[in-house]
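Enquirer: Taken in sequence, the protein lines are chains A and B.
Heads up, our numbering is the position in the first sequence plus 299, with the first residue counted as 1.
Heads up, our numbering is the position in the second sequence plus 277, with the first residue counted as 1.
Using N, Cα and C, we set each Cβ at its ideal position, and we do this for glycine too.
Every value quoted in this text rests on a predicted model; they were computed, and no experiment measured them.
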Amino acid sequence: MRRGLTAFVLTILLTTTTASAQITPSRESLSDLYPGKAYSPWAQRAFATRPLWGDTHLHTGLSVDAGLFGARLGLEEAYRFARGEEIVSSTGQPVKLSRPLDWLVIADHSDAMGFVQDLAKSAPDIVRFEQGRRWADGFQAGGQTAVETALDLITTFSQGDIDPELLANYSPGSDIYRSIWDRVVQAADEFDDPGTFTALIGFEWTSLVAGNNLHRNVIFREGAEKAGLVVPYTTQAPFGSTDPLDLYAYLDAYEEKTGGSVLALAHNGNLSNGIMFPVDEQYTGRPLDQLYVEQRARWEPLYEVTQIKGDGEAHPFLSPEDPFADYETWDAGNLDLSEAKTTEMLQYEYAREALKNGLLLEDRLGTNPYKFGLVGSTDSHTALATAEEDNFFGKHSGGEPSPDRMSHPFTETPAGKFEGYEVVASGLAAVWAIENTRDAIFDAMARREVYGTTGPRMAVRFFGGWEFTEDDLNSRQPAFRGYEKGVPMGGDLPSRAGGAAPTFMVYALRDPIGANLDRIQIVKGWLDSSGQTHERVYDVAWSPGRQLDSSGRLPAVGNTVDVGAANWTNTIGAAELGTVWTDPDFDPAERAFYYARVLEIPTPRWIVYDAFRFGVEIPEGATTVHQERAYTSPIWYTPDN
Amino acid sequence: MTPLKCLVPAVAILPLLAGSVAAQEPPPEASSLERAFPTNNYSPYANRSFPTRVLWGDTHLHTSLSMDAGAFGARLDPEDAYRFARGEQVTSSTGVPVKLSRPLDWLVVADHSDNMGLFTMLYEADPDITKSEVGARLSQMVRNGGTEGVEAALYIIERFSNNTLDEELQILPGTAAYQSTWERIIDAADEFDDPGEFTAFIGYEWTSLVEGNNMHRVVIYRDDGRYARQTEPLTMTPPFGSPDPRDLWEWMETYEERSGGDVLALAHNGNLSNGIMFPVTESYQGLPIDRAYAEARARWEPMYEITQIKGDGETHPFLSPNDEFADYETWDKGNLSLSAAKTDDMLSGEYAREALKSGLLLEERLGVNPYKFGLVGSTDSHTALATAQEDNFFGKHSGTEPSPERIEHPVGCFEGVCIYGWEQVASGLAAVWARDNSREAIFDAMERREVYATTGSRMSVRFFGGWDFEEADAGSRAPAAVGYEKGVPMGGDLRPRTNGASPSFLVYALRDPIGGNLDRIQIVKGWLDGSGETHEKVFDVAWSGDRRPGADGTLPPVGNTVDVENATYFNTIGASELITVWEDPEFDPDQRAFYYARVIEIPTPRWTAHDAARYGISVDPEVPMVTQERAYTSPIWYTP
């Protein structure tokens, strides 16, 4: 992320002087030029009117694993699907989104990008190698032979037994790799349609350390004219590295070389086995220092809090007081299930804990490395960004709709098991950008004015300030007051004046075609003077007819789900909720953050639709009903002095 | 509209084709086709042959090219109108920035065909107009503005309405000036038409006014400029034009025959026609309503504008005394020019529900129902701004754009009878269930009447009629799939009755995503009994919360959360969506009938409340500040 602000401010000051040196206008000549506030509440807005929906994390057949799992769709199909067109999936099924997305980042794995696609076509540059010939023939044979070929290929890759020359052909530095990246950036430019649909250029840097997931998605602000001047960074030596510090150096080099801007966001840390959010030292043994915290804060303004492989907001072990913490939890082990999870790993994996540790590290090192905004995304490997329960096309092409997909294990090793039915139809990224363009969306991400949902498209506003009052919600347009008197999600509370506690205005509107809302909560995390972090979840707004009980708990909203019919009714919950909330436990000496969590009423999980449509039994122990949610980016409070 | 013309040849050709196709290859063995027909697709949004989302638009928008709009100060032209409709911010004629909350999906610019473009030409000092002495003088006055501009406007309006307008100021069909204005309208529509994103229709308003009685029709083209420019619009001033709808229908037929194109017309809300919009025995000039009239009207007018800025035209409390929601934004002081006061006996010839009932009677009498129309709302705004939302209402014409005074100022007076600014209605919109956003798809949906009206809110409404809908059909989030399978959508005819059943209806309403919750869904039934009398009844069929109808069958009101002072409300009452299956409990298979749904929102602030709050003004207590917006679906008809 570029820090061009200083230069910009200087320029403005100089220009202003010149402009003021012109003729001074008379009072009369200006008298009619300032008509005041526009009557139309939608005109003259300097802020976004609606969130723009997208996915920061989608794979196509260009990703090696996606290709091996049967993804036949490429860049074009991914964009056409995202912008609302009907296409045919890799398994031959017609599929269409309920509503188009507004933007998309195709983030294919950078390592050996395009290799499997070329292999399937028996490309001459592949079949001249013995391994390449063998694999190409295996794929041509199809059926069980192709399956075994895929497994052979995966093993060869992960054990580093691939012919070095063949690997080099599909790594940075080769003409082949360059031409594949050219296709990626050109497809993005072709589908980027400012005002209607934004195609952001990106890739996934797939750092895997002994099966522990440290992946980052990289997003460029620019088009092919700049992003095409570089090629992606990879993890396989000697071309790349698995250390995030090396990725940051690559990002810096891009900005230096092109004058462009780029950012990264981490893949959900739940499969990192404790190394996503280090507090004392990196997985390499290198202690966390000034360099690390500054670089991470600079390059990673966002975090992927929810996706198909689990939800990463909070874990019940870390948040025992939070009855909603155990949501789509994947805690059997690391990414390839080569190592089982232990409870001490969890504190370095989940977003809420990382936000808390960020306060601690800021206190210790002067910079908060974990000051990120929150988004959801799919990480789908099908070229299909599907996150809706009734239209879910799975993690990879092998998990596209079929009668037995929920009963087939997703991954199973001696260390543990992820069941097929545990796959999560999640998530989406909502961006409060003022227009649908690369610049505007990237800039909103950089300032963290974003939020994540587990799939539904609820609109959520969240503002923090020192003087919000109940009256500020007395309009259908809370954003005017919100921006006027406070900062939006992702921001820092302005300096505290007077003895007040911080106030927050929060407003949520259900997905127009989705479920009503149960409640809005505000999650607070803080650091006390003894260096301990804490958290607390407040119910702040809920649908009518309920009262907090004597222990301060809000009764459940109820449940209308008819599992047999794969249906629910919006006869409970509220279409919208809003409130102004003042922190009753505020201590001005303590660092803190606040974010909003919005819960829907219970609705059927995707397996319920599968069971209904295919007429199959739901496996014992599978969760059928859940409460989808949105997580806003936090607003931070930092004591003065 | 030409459905019949096209259908017959197509049907004749199909069997022939089928024969030759089958003869091309040897008949396949059954097992070789097993994989050719996969089962239902998983994605509920893929392979849909029916519309998924409703497309919002306005069939009736004027720009500065309409003479009256120009005279009232409209400076925005069709291009501005399209830009605004597709969601861009524009500056209104009075210099105020304005933007829609959400774009519209489509728009018909329908400028008055009489004297089209006059004011724009005066403004632009078009040589065709300034070549005459009077033209040059008025052009100068208009461009000088201020009181001179007002004088010029009054000069023209007065002479035009008295049929004494200077010949040099008449823009008549056949002249270069007229042709160039028409070309400008066509070119703007073709330029802004963007299939899949935004549809711009070519259209105009034929402005028949008979002694001040409003008989206007909006004409909509399915075609692009290559067709439309072959024929100039019909005007109403003789000798070039005519105020008789029969002549309009003849013009439409001639257009279609000459160009091979396709057009339809819809009548302006009839509430200002002083009884002549829906004749039953004879038309305004004394000609009998015969089979030819009924056939032509049924053929050319598949829709009707039921609500707009100048009042709501669904029904009138005099006609529907048992309908507690009948008195909604009623304009019944007189005709369009207020030159004749309204009398009760006129009302039956003016309101949609009564016309639908009269249509059953006429069908019985003549064999054809001339009033078998679908329902849409539109603005009839003369500002080039299609604004129908209460919090963003830019008024009837540029003189009534937002200002602290517009509530109290008269919009028009005649001999002491005035219509005041506050009486303007921030209404309406036209919703179309079309498969895609294109001229062809939207036009075809209009022709099959798969449309509905709202008074400005964007609630989604599904309405299907059939013989075997059951409660379980309402137990899905995608009711349309079963709706189309087992029944016909709004605008259709019930399929033939095969068993002893009563008709059943599946109705679903989803609130405007950013609007008010819903109070209730009602089904309005009209029928013709054996003695030739028509009847109507309103049934509450779905409502929010746990309200119970009283002993007299009346459902208690939903409540009211409106905070007038702050012009706001809370969605703490009402429902975000309502769905039910309803079976007619009083069905008589021998009686012609129609059924349509009316969806009512919870109370919300009227535009007058927004004005009062924003300008900090106090208004007369008689000015209504709260409204319950609604949707009216097209009917479904039953014929024995």
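Measuring CA to CA, which of A:Arg737, A:Glu721 and A:Pro622 is closest to Leu853 of chain A?
Expert: Proximity to Leu853 of chain A across A:Arg737, A:Glu721 and A:Pro622 peaks at A:Pro622, based on C-alpha coordinates.
Enquirer: Check whether the Cβ atoms of Glu606 of chain B and Ser550 of chain B lie closer than 8 Å to each other.
Expert: no
Enquirer: Please classify Tyr892 of chain B: does DSSP put it in a helix, a strand, or coil?
Expert: Annotated three-state conformation of Tyr892 of chain B is helix, per DSSP.
Enquirer: Starting from Met580 of chain B, follow the beta strand (DSSP E) in both directions and report where the run begins and ends.
Expert: Met580 to Gln585
Enquirer: In the region 297-376 of chain B, which residue ranges form an unbroken beta strand (DSSP E) of at least 3 residues, counting only runs that do not cross its ends?
Expert: Fully enclosed beta strand (DSSP E) runs of 3 or longer: 332-338.
Enquirer: In whole angstroms, what separates the C-alpha of Leu281 of chain B from that of Asn440 of chain B?
Expert: Its pLDDT being 44, under 50, Leu281 of chain B is placed unreliably in this model, and the value from its coordinates should be taken loosely. One C-alpha to the other measures close to 40 Å.
Enquirer: Report yes or no: do the region 517-530 of chain A and the region 429-436 of chain A share at least 3 C-beta pairs separated by less than 8 Å?
Expert: no
Enquirer: Mind checking the region 492-506 of chain A against chain B and listing, in chain order, the residues whose C-beta falls within less than 8 Å of any C-beta there?
Expert: Thr495
Enquirer: Kindly give me the distance between the Cβ atoms of Leu513 of chain A and Met575 of chain A, rounded to whole angstroms, as I take these residues to be in contact under 8 Å.
Expert: 7 Å
Enquirer: If you measure beta-carbon to beta-carbon, which residues of the region 688-706 of chain A are closer than 7 Å to chain B?
Expert: Asp689, Asn690 and Pro700
Enquirer: Just to confirm my understanding: we take Phe670 of chain B, look at its own chain, exclude 5 residues before and 5 after, and list those with CB closer than 6 Å. What are they?
Expert: Excluding the 5 residues flanking it on each side, Phe670 of chain B has same chain C-beta neighbours closer than 6 Å at Thr664, Ala703 and Trp884, in chain order.
Enquirer: With a floor of 4 residues, list each alpha helix (DSSP H) that falls wholly inside the region 855-903 of chain B, ordered by position along the chain.
Expert: 884-892
Enquirer: Of all Cβ atoms in chain A, is any one closer than 8 Å to the Cβ of Thr904 of chain B?
Expert: For Thr904 of chain B, the nearest beta carbon of chain A is not closer than 8 Å to its own beta carbon.
Enquirer: Classify Glu929 of chain B: buried if its beta carbon has 16 or more other beta carbons within 10 angstroms, exposed otherwise.
Expert: Nothing can be reported for residue 929 of chain B, as the shown portion of chain B is limited to 278 through 917.
Enquirer: For chain B, check one thing: does any of its Cβ atoms lie closer than 8 Å to the Cβ of Glu834 of chain A?
Expert: no
Enquirer: The alpha helix (DSSP H) spanning Leu805 of chain B covers which residue range?
Expert: Counting along the chain, Leu805 of chain B falls outside any alpha helix (DSSP H), though it belongs to the beta strand (DSSP E) covering Leu795 to Leu805.
Enquirer: Please decide whether Trp731 of chain A counts as near chain B, where near means a Cβ-Cβ distance under 8 Å.
Expert: Interface annotation, Trp731 of chain A: not in contact with chain B, CB-CB separation never under 8 Å.
Enquirer: Name the chain B residues whose beta carbon is nearer than 7 Å to that of Trp341 of chain A?
Expert: Lys376, Leu377, Ser378 and Asn669, listed in chain order.
Enquirer: Please decide whether Glu580 of chain A counts as near chain B, where near means a Cβ-Cβ distance under 8 Å.
Expert: no
Enquirer: Excluding the five sequence neighbours on either side, which residues of its own chain have a C-beta within less than 6 Å of the C-beta of Phe490 of chain A, listed in chain order?
Expert: Tyr378 and Ala498
Enquirer: At 3 residues or longer, what runs of the beta strand (DSSP E) sit wholly inside the region 609-685 of chain B?
Expert: Segments of the beta strand (DSSP E) lying fully in the region 609-685 of chain B: 651-654.
Enquirer: Just tell me which of B:Phe741, B:Ala758 and B:Ala786 has its CA closest to the CA of Leu771 of chain B.
Expert: B:Phe741
Enquirer: Which residues does DSSP list as the beta-bridge partners of Leu673 of chain A?
Expert: For Leu673 of chain A, which the question treats as bridged, DSSP gives the partners A:Tyr602.
Enquirer: For Asn324 of chain B, is the classification buried or exposed, using 16 other Cβ atoms within 10 angstroms of its Cβ as the cut-off for buried?
Expert: exposed
Enquirer: List the residues of chain A that Val373 of chain B touches, going by C-beta distances under 9 Å, in chain order.
Expert: Pro334, Ala337, Tyr338, Ser339 and Ala342
Enquirer: I'd like to know if Asn318 of chain B contacts chain A, where contact means its C-beta is closer than 8 Å to some C-beta of that chain.
Expert: yes
Enquirer: How about Gly754 of chain A and Ala686 of chain A: do their beta carbons lie closer than 8 Å?
Expert: yes
Enquirer: Under the three-state reduction of DSSP, which class applies to Arg663 of chain A: helix, strand or coil?
Expert: helix
Enquirer: Span of the beta strand (DSSP E) holding Gly764 of chain A?
Expert: Ala758 to Gly764
Enquirer: Give a yes or no on contact between the region 453-463 of chain B and the region 382-399 of chain B, applying the rule of three or more CB pairs nearer than 8 Å.
Expert: yes
Enquirer: To be precise: take each residue of the region 392-419 of chain A, compare its Cβ to all Cβ atoms of chain B, and keep it if any distance is under 7 Å. Which residues remain?
Expert: Gln392, Pro393, Val394, Lys395, Leu396 and Ser397
Enquirer: Is there a Cβ from chain B that is less than 8 Å from the Cβ of Ala306 of chain A?
Expert: The pLDDT assigned to Ala306 of chain A is 46, lower than 50, so where the model puts this residue is not dependable; a value taken from the coordinates is nonetheless given after this. Answer no: the Cβ-Cβ gap between Ala306 of chain A and chain B never drops below 8 Å.
Enquirer: Taking 8 Å as the cut-off, does the region 553-562 of chain B touch the region 612-628 of chain B (at least 3 CB pairs, one atom from each stretch)?
Expert: With the cut-off at 8 Å, the region 612-628 of chain B and the region 553-562 of chain B touch.
Enquirer: Thinking C-beta only, is Thr732 of chain B closer than 8 Å to Gly672 of chain B?
Expert: no
Enquirer: From B:Thr514, B:Lys649, B:Tyr561 and B:Glu641, pick the residue whose C-alpha is nearest to that of Arg574 of chain B; which is it?
Expert: B:Lys649
Enquirer: Do Thr910 of chain B and Arg775 of chain A have their C-beta atoms within less than 8 Å of each other?
Expert: No.
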